[in-house]
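Remember, the working numbering sits 19 above the position in the sequence shown when you count from 1. The structure under discussion appears below in the form of structure tokens.
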Amino acid sequence: MRRPWIGGNWKMHKTIGEALELARALKAGLPAADSVEVVVAPPYTALKVVADELRGAAVQLAAQNIHWADQGAYTGEISPVMVRDTGCRQVIIGHSERRQWFGETDELINKKIGACLNHDLEPVFCVGETLEEREAGRVEEVLTRQVREGLRGFNRGEAARGVIAYEPVWAIGTGKTATPETAQQVHSFIRDLLAGLYDKTVASAKRIVYGGSMTPETARGLITQPDIDGGLIGGASLKAESFLAIVKECI
Ligand code: PGA
Numbered sequence: 020m021r022r023p024w025i026g027g028n029w030k031m032h033k034t035i036g037e038a039l040e041l042a043r044a045l046k047a048g049l050p051a052a053d054s055v056e057v058v059v060a061p062p063y064t065a066l067k068v069v070a071d072e073l074r075g076a077a078v079q080l081a082a083q084n085i086h087w088a089d090q091g092a093y094t095g096e097i098s099p100v101m102v103r104d105t106g107c108r109q110v111i112i113g114h115s116e117r118r119q120w121f122g123e124t125d126e127l128i129n130k131k132i133g134a135c136l137n138h139d140l141e142p143v144f145c146v147g148e149t150l151e152e153r154e155a156g157r158v159e160e161v162l163t164r165q166v167r168e169g170l171r172g173f174n175r176g177e178a179a180r181g182v183i184a185y186e187p188v189w190a191i192g193t194g195k196t197a198t199p200e201t202a203q204q205v206h207s208f209i210r211d212l213l214a215g216l217y218d219k220t221v222a223s224a225k226r227i228v229y230g231g232s233m234t235p236e237t238a239r240g241l242i243t244q245p246d247i248d249g250g251l252i253g254g255a256s257l258k259a260e261s262f263l264a265i266v267k268e269c270i
């Protein structure tokens, strides 16, 4: 049985004060059941205060990105050592917004996943096709490349770490959630890919979560699909009420 994983990607939202307020509301409203793994990814500036606020609560902390090096002359970057130091246990890697706006390539993403593994950080490895790629019938080709290149060089133990987030770019922030059937088809394809790259044990244990306009209304239909193991939530994670409602849909 794969334990559902629900992550809130706060993106470039929330001042320190606003982040603290949201963390407090999450802590107060979190269901007692630990059958779901709940994760939040605040912006860097709020990681430490949110970590302190959530100490003892059943919520894990993730960073939204890292640099691949431990330290060095990389102005403006944040290292895996630094995010680990704030209390993070997970890191979102290769989000489509990083691929699109910051030129992140499969090769760079592969390096960043390696940096996570070296620092005991679980990667939340994001993949997904654009609308153009979907319309051109290239979904499987794109996902095969992203998964294979992202995991290049990792052994089965390493590949088993963290989760994969399937986030079709056309569904992110657009209000156009993928239908449960469309998402299930891709999740099942990714699981088969993992079985081919590694083996059935790795594939069947790996959590593959869906991201892209997931809301309390669409969550249940998605997460009850056999290969969908939770969600990476953007917009609906910015309010405690909607994020907690999605968590509750998974219990
Ligand atoms: P969304 O974002 O839920 O606002 O579509 C999801 C994500 O980008 O992780």
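Virtual Cβ for every residue (Gly too), placed ideally from N, Cα, C.
Heavy atom of ligand 1 within 6 Å of residue i beta-carbon
i: residue 113; result: no
i: residue 231; result: yes
i: residue 49; result: no
i: residue 252; result: yes
i: residue 192; result: yes
i: residue 28; result: yes
Local conformation of residue i per DSSP, three classes
i: residue 49; result: coil
i: residue 229; result: strand
i: residue 277; result: For the chain, the structure presents residues 20 to 270; residue 277 sits outside this window and is missing.
i: residue 217; result: coil
i: residue 189; result: helix
i: residue 39; result: helix
i: residue 257; result: coil
i: residue 197; result: coil
i: residue 209; result: helix
i: residue 106; result: coil
i: residue 111; result: strand
i: residue 25; result: strand
i: residue 250; result: strand
i: residue 184; result: strand
i: residue 101; result: helix
Bridge partners - residue i, DSSP secondary structure assignment
i: residue 174; result: Paired residue(s): none; residue 174 is not in a bridge.
Any non-hydrogen atom of ligand 3 within 6 Å of residue i CB
i: residue 184; result: The model on display carries ligand 1 but not ligand 3.
Report the start-end ranges of each beta strand (DSSP E) in the segment 114-159 that is 3 residues or longer and not cut off at the edges. Runs of the beta strand (DSSP E) inside the segment 114-159: 141-146.
My parser needs the alpha helix (DSSP H) runs of 4 or more residues fully inside the segment 56-99; what are they? Within the segment 56-99, the complete alpha helix (DSSP H) segments of 4 residues or longer fall at 63-72, listed in chain order.
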